[in-house]
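In the numbering used here, the protein residues as written are 9 to 181.
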């Protein structure tokens with residue numbers, strides 16, 4: 009009887025872990041430019057950022073992602089030249105986080121996503137009294153810089169980070 013009870017408890021404890029680790033993803037084509045696999049628990053919205061070409065959310069899970077694309081030729085015509093994804097990240101992160109309090113930044117990490125160079129960073133901060141965690145990736149393609157910005161409440165970070173990483177790593181043009 010004791011053995012059966014122990015097995016029952018272990019099964020109950022493993023169910024939430026397995027359900028988080030097995031999120032299904034759907035590949036979303038944005039315009040003619042890029043693709044990103046989005047967890048199937050997120051739905052399209054237009055309410056997160058007016059500049060974003062992709063916006064998905066799940067308000068119950070407090071899971072959000074946007075992609076903002078910047079055409080290099082347009083940036084160049086405005087006199088804005090960036091040498092690499094790190095330079096681009098450095099150029100936007102101060103403005104992006106200006107409305108946040110108690111900001112804590114991880115250092116950026118240089119990565120490759122397919123053939124593209126990218127940088128990733130995490131930011132923890134307070135926004136409207138809520139502890140928020142951001143997972144920010146800047147991807148450089150031959151013609152664009154893409155800011156992939158995912159966020160959630162700090163308390164959901166460990167649950168959602170694997171999905172956010174998988175989502176970002178699925179990026180391709």
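Think of the CB as a built atom: it goes at the ideal place given N, C-alpha and C, for glycine as much as any other residue.
Nearest residue (CA-CA) to residue 151, options 181, 175 and 140
Locating residue 151 in the chain shown gives position 143, counting from the first residue. Here the closest residue by C-alpha is 181.
Would you tell me roughly how many angstroms separate the C-alpha atoms of residue 103 and residue 35, rounded to the nearest one?
Residue numbering aside, residue 103 sits at position 95 when the chain shown is read from its first letter. Residue numbering aside, residue 35 sits at position 27 when the chain shown is read from its first letter. Roughly 30 Å between the two C-alpha positions.
N- and C-terminal bounds of the alpha helix (DSSP H) containing residue 260
Nothing about residue 260 can be reported from this structure: the residues present for the chain run from 9 to 181 only.
When DSSP builds the beta bridges, which residues end up paired with residue 65?
The count along the chain shown starts at 1 and reaches residue 65 at position 57. Partner(s): 51 and 72.
Residue range of the beta strand (DSSP E) that residue 117 falls in?
Taking the chain shown and counting its residues from 1, the one referred to as residue 117 is at position 109. That run of the beta strand (DSSP E) goes 117-121.
Where residue 126 sits in the DSSP three-state scheme:
Locating residue 126 in the chain shown gives position 118, counting from the first residue. Looking at residue 126 - three-state DSSP - the assignment turns out to be strand.
C-alpha distance - residue 119 paired with residue 84, whole-angstrom precision:
What you label residue 119 is simply residue 111 of the chain shown in a count that begins at 1. What you label residue 84 is simply residue 76 of the chain shown in a count that begins at 1. Residue 119 and residue 84: Cα-Cα distance of roughly 24 Å.
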